[in-house]
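Chains A and B, in that order, give the protein sequences. Plus 1 on top of the position in the first sequence (first one is 1) and you've got our numbering. Plus 1 on top of the position in the second sequence (first one is 1) and you've got our numbering. Quick reminder that beta carbons are idealized off the backbone N, C-alpha and C, glycines included. One structure is given here, and the rest of the page talks about it.
Number of protein chains: 2
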Amino acid sequence: MKSPAALIEAYRSEGRKITPQRTLIFGLMHENTTHPTADALYEAASRAMPGISLRTVYQTLGELAEMGEIRLINCDGGATRFDPNLEDHHHVVCSRCGAIGDVEVRGASSLRPVGARGFAVDEVGVVFHGTCASCRGARKGSPAQQANR
Amino acid sequence: MKSPAALIEAYRSEGRKITPQRTLIFGLMHENTTHPTADALYEAASRAMPGISLRTVYQTLGELAEMGEIRLINCDGGATRFDPNLEDHHHVVCSRCGAIGDVEVRGASSLRPVGARGFAVDEVGVVFHGTCASCRGARKGSPAQQANR
DNA sequence: ATGATTGTCTGCACGACTTGCGAAGACGGC
DNA sequence: GCCGTCTTCGCAAGTCGTGCAGACAATCAT
């Protein structure tokens, strides 16, 4: 996603208002690599601005998604996660702790579906399921660290 | 997934009982390529056996998933879909009508995540988002055909 | 046959996540 | 500073899935 300053500009140019809530969320999302859920973001936001509404977090994330500034991820059946990284990338998902990481996948864009006649591909998504480094370290016990859920 | 007859055998060998409800669901899932949701399956089941409970459908699908006879799919944020196809395959998702199709993807298994040090990959999933043949035919109007949702 | 045991089905209630809605409040141009 | 418009907030409601308990059925020992 754009920098908070650039987002503010983008918002203003669309006739939207700049509110402390939005500014805060822009900041929290910027270069956030944890793929937070709305709830995780809400908790972080609440720390900085007690009283902010979960509704507002959903609202703002929805706007950002609509503007194409963030992407939505739905790997497991749980809550939607938000990804500010707009570069061409894919994801690794730890089935132990639920953490999601960004990865590059060489050759991903040249993959083609075989057996779907007439299907026009817009976008390719690759998801690797497995175990992350931290969880592999702590094999037996509980997950290395709980993901934001 | 196995044939209904083989599933009945598998159930019996685990000390589970063979009930009309289970037999029905086995039959509805067998070689079903529509990736139905629990609700879609429930509706189909209700037609054949009025009074069957949605709870039972969820229950049975859960058992099948646990036994590894079907796979769960979560491409969009919506309801979980169930896939009886256990072969190595991937999916195309029509962003217009929501339909999901099975496809082969050459080279998918040799994909590697770059930039996730120490991540042990168990499974790779490739999802193509785009527009299916039917929806491309009926470009302007409503989706070619509503997916089971 | 009787009664105990075990497993299944069903309906309901609840939990997680998300969105719709209306009232109250804040932003930004004038 | 004022006012119109856009936002925020809280609550209600909707969707999807699961936990639970009671009714029921099949199995087994006595």
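Contacts with chain A (Cβ-Cβ distance below 7 Å) from the region 108-136 of chain B involve Gly108, Ala109, Leu112, Pro114, Val115, Gly116, Ala117, Arg118, Gly119, Phe120, Ala121, Val122, Asp123, Glu124, Val125, Gly126, Val127, Val128, Phe129, His130, Gly131, Thr132, Cys133, Ala134, listed in chain order.
At a C-beta separation below 7 Å, glycine 78 of chain A has these neighbours in chain B: Asn75, Thr81. Apart from sequence neighbours up to five positions away, the residues of its chain that approach lysine 3 of chain B with a beta-carbon distance below 7 Å are Ala11, Glu70, ordered along the chain.
The C-alpha of cysteine 76 of chain B lies about 22 Å from the C-alpha of alanine 41 of chain A. In terms of beta-carbon proximity, valine 58 of chain A stays away from the interface with chain B, with every pair separated by 8 Å or more.
Residue environment analysis places arginine 17 of chain A among the exposed positions, since fewer than 16 neighbouring C-beta atoms fall within 10 angstroms of its C-beta. Glutamate 88 of chain B does not reach chain A, its nearest Cβ partner there being about 11 Å away, counting only Cβ pairs nearer than 9 Å.
Taking a beta-carbon distance threshold of 8 Å, glutamate 15 of chain B does not count as an interface residue toward chain A. DSSP, read as helix, strand or coil, puts threonine 24 of chain B in helix.
At a cut-off of 8 Å between beta-carbon atoms, glutamate 105 of chain A makes contact with chain B. For glycine 99 of chain A, the nearest beta carbon of chain B is not closer than 8 Å to its own beta carbon. Of all alpha-carbon atoms in B/Gly119, B/Phe120, B/Ser96, the one lying nearest the alpha-carbon of serine 135 of chain B is that of B/Ser96. In terms of beta-carbon proximity, serine 4 of chain A stays away from the interface with chain B, with every pair separated by 8 Å or more. Residue-level contact check: glycine 102 of chain A touches chain B, since one or more beta carbons of chain B fall below 8 Å from its beta carbon. Taking a cut-off of 8 Å on C-beta distances, the region 126-135 of chain B touches the region 112-124 of chain A, as three or more cross pairs fall below it.
In the DSSP assignment, the residues bridged to phenylalanine 83 of chain A are A/Leu73. The alpha-carbon of isoleucine 101 of chain B is positioned some 7 Å away from that of threonine 35 of chain B. Comparing C-alpha distances from glutamate 32 of chain A to each of A/Thr61, A/Arg113, A/Phe83, A/Gly79 shows the shortest one belongs to A/Phe83.
Apart from sequence neighbours up to five positions away, the residues of its chain that approach leucine 29 of chain B with a beta-carbon distance below 7 Å are Leu42, Ala45, Ala46, ordered along the chain. Alanine 49 of chain A is classed as exposed because its beta carbon has fewer than 16 other beta carbons within 10 Å across all chains shown. Under the three-state reduction of DSSP, glutamate 88 of chain B is assigned to coil, being neither helix nor strand. Taking a Cβ-Cβ threshold of 9 Å, the residues of chain A close to serine 96 of chain B are Asp123, Glu124, in chain order. If you look at glycine 138 of chain A, you'll find it in the alpha helix (DSSP H) that goes 134-138.
Here DSSP, grouped into helix, strand and coil, assigns alanine 121 of chain A to strand.
8 Å or more divides the Cβ of alanine 66 of chain A from the Cβ of histidine 91 of chain A.
Spatial neighbours of tyrosine 59 of chain A in its own chain (CB-CB distance under 8 Å, excluding positions within 5 residues in sequence) are listed in chain order as Ala39. Residue burial is scored here from C-beta neighbours: valine 93 of chain B has at least 16 other C-beta atoms within 10 angstroms and is therefore classed as buried. For valine 58 of chain A, the enclosing alpha helix (DSSP H) has its first and last residue at 55-67.
Cβ-Cβ separation between valine 115 of chain A and valine 115 of chain B: approximately 24 Å, too far for a contact (criterion under 8 Å).
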